[in-house]
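Asker:
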Amino acid sequence: MKMHGIIRKTSDLGLMVLAVRQRHGLSQVELAERLGVSQRYLSELETGKPKVLNARLLEVLSALGIELSFREAL
Numbered sequence: 312m313k314m315h316g317i318i319r320k321t322s323d324l325g326l327m328v329l330a331v332r333q334r335h336g337l338s339q340v341e342l343a344e345r346l347g348v349s350q351r352y353l354s355e356l357e358t359g360k361p362k363v364l365n366a367r368l369l370e371v372l373s374a375l376g377i378e379l380s381f382r383e384a385l
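Letter by letter, the sequence shown follows residues 312 to 385 of our numbering.
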């Protein structure tokens, strides 16, 4: 079953990344190595740290009535 949902804030995106990573049975270290990023970066992304993804962008999209959603493509 593929995942899908609506992303309204940075933490939503982080939770989506976390859920998909766990669904594939990967640790943060394993996924970070595959992506060529640090484990810290991945951890900050999964917890929705604003410095990793600009929270303002999502606010602007929302203000414009643009809904950011995701669908697992694998």
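The beta carbon of each residue, even a glycine, is placed where N, CA and C say it ideally should be.
All figures in this text were calculated on a predicted structure; none of them were measured in a lab.
When you compare only the Cα positions, how much space is there between lysine 313 and serine 380?
Answerer: In a straight line, the C-alpha of lysine 313 is about 13 Å away from that of serine 380.
Asker: Please report the distance separating the alpha-carbon of arginine 319 from that of arginine 382.
Answerer: Going from the Cα of arginine 319 to the Cα of arginine 382 covers about 15 Å.
Asker: Quick check on the burial criterion: 16 or more other C-beta atoms within 10 angstroms. Buried or exposed for glutamine 339?
Answerer: Under this definition glutamine 339 is a buried residue.
Asker: Can you tell me the Cβ-Cβ gap for glutamate 357 and leucine 329, rounded? I've got them flagged as a contact below 8 Å.
Answerer: That belief holds up - the Cβ atoms of glutamate 357 and leucine 329 are roughly 4 Å apart, short of 8 Å.
Asker: At what residues does the beta strand (DSSP E) containing arginine 288 begin and finish?
Answerer: Residue 288 lies beyond the range of the chain shown here (312 to 385); nothing can be said about it.
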